[in-house]
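Remarks on the structure that follows.
Residue numbers (this note's numbering): 212 to 541.
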């Protein structure tokens, strides 16, 4: 861990599901327990509750802009509801574009001023900002599998599906996808996906400890191993890549699980690891970079429940989550 890193006070006790920085540098944190926190004035920040006791667990969140100000938090629930919380009025509303199952992904495309959803019910919504999902401009996309990961950049919208396919849409015309192809992984379980800035392509991580890079131009396409722990001889313990985030057009971070407890920085154009932060207290559930503050926020959580033998005898997390912030000066 970097010597200049610092831990935030009073993090959520449960599994942290998303992190978001707004344009003012405030950090919003959601937990699976249905709570949202806000940190201001990093690192000397208090942590007020914004949302408590939501009627369903939170899977993902994103920020919505109003007149250039990030004033609303959109919340995706495990039961399929999308909520809208205004940070100024403190009002929580239920949006009309409800899914039939969990809202796995919520993203905002600033180029097109739309909010994007991806759900386990094989659908996604494209919603103009500040429309509350009402009107003819809201578009629904029907997919052939559950959405496992999703992101958007430029005019591209990319879904990773439970069928093992990557499906790409052009936001200017969404009647049919512009490309559909199989992932580069042996297993179909994609854990995370991030679009390369300026709509150049995408990077995704898998449960088997691999990441793949693909550009839409076709110039770059490769898969590499990462976040693995050597056991004996040539045997590695492969852990999932829990999250990804870009810090510029070429470099991105990958987040490891409890298997290796590392965060690594890569340059996809050089196909090279540049830096790593190891010996984290627990696996990293999610991370987010703030270009304004040049800070990387990462949430470390106890994900030992994934090792439960069965759902009838679950192993619940017994360690509180931790929020760490690392200054990025390179």
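For each residue, glycine too, the CB sits at the ideal point set by N, CA and C.
Query, Result
"Within 9 Å, strictly: CB atoms of residue 287 and residue 263", "no"
"Touch test, the segment 427 to 434 against the segment 450 to 458, Cβ-Cβ under 8 Å, three pairs minimum", "no"
"DSSP-derived helix/strand/coil call for residue 339", "strand"
"Cβ-based neighbour list, residue 423, same chain, cut-off 6 Å, excluding 5 preceding and 5 following", "395, 415 and 434"
"Range of the contiguous beta strand (DSSP E) that encloses residue 396", "Residue 396 -> no beta strand (DSSP E), and no H or E assigned at all."
"Pick from 234, 275, 240 and 350 that is closest to residue 509, judged by C-alpha positions", "240"
"Residue closest to residue 296, alpha-carbon to alpha-carbon, out of 273, 314 and 471", "273"
"Per-residue burial, residue 472 [other beta carbons within 10 Å of its own, 16 or more giving buried]", "buried"
"Reduced DSSP secondary structure (H/G/I, E/B, other) of residue 410", "helix"
"Check whether residue 362 and residue 316 have beta carbons under 9 Å apart", "yes"
"Residue interval of the beta strand (DSSP E) (run including residue 364)", "358 to 364"
"Option in 223, 300 and 419 with minimal Cα separation from residue 269", "223"
"9 Å Cβ cutoff met for residue 535 and residue 320", "no"
"CB contact flag (residue 404, residue 352, <9 Å)", "no"
"Status (buried if at least 16 other CB within 10 Å, exposed otherwise) for residue 409", "exposed"
"Reduced DSSP secondary structure (H/G/I, E/B, other) of residue 443", "coil"
"Selected residue, minimal CA-CA separation from residue 475, among 443, 504, 530 and 537", "537"
"Distance, residue 392 Cα to residue 355 Cα", "13 Å"
"Three-state class that DSSP yields for residue 304 in the structure shown", "strand"
"Element boundaries [beta strand (DSSP E), containing residue 538]", "533 to 538"
"Contact under 9 Å by Cβ, residue 532 with residue 242", "yes"
"Run of the beta strand (DSSP E) containing residue 454, from where it starts to where it stops", "452 to 457"
"First and last residue of the uninterrupted beta strand (DSSP E) at residue 479", "Element bounds for residue 479: n/a, residue is neither H nor E."
"Distance between beta carbons of residue 539 and residue 505, contact taken as under 8 Å", "5 Å"
"Closer than 8 Å: residue 377 CB and nearest the ligand MG heavy atom", "Only the bare structure without any ligand can be found here, which leaves the ligand MG out of the picture."
"Beta-bridge partners of residue 309, as assigned by DSSP", "Residue 309 is not bridged to any residue."
"Nearest candidate by alpha-carbon position, reference residue 456, set 426, 481 and 502", "502"
"Alpha carbon of residue 318 to alpha carbon of residue 488, nearest angstrom", "27 Å"
"Contact belief for residue 331 with residue 349 at Cβ below 8 Å, rounded distance in angstroms", "Residue 331 to residue 349, Cβ: 20 Å. No contact."
"Buried versus exposed, by CB contacts within 10 Å (16 or more), residue 454", "buried"
"Distance between residue 467 and residue 220 (C-alpha atoms, nearest Å)", "23 Å"
"Residues that residue 403 bridges to, as DSSP identifies them", "416"
"Whole-angstrom C-beta distance between residue 411 and residue 398, which should lie under 8 Å", "So it is not a contact: roughly 26 Å between Cβ atoms."
"Residue 229, enclosing beta strand (DSSP E) - first and last residue", "227 to 232"
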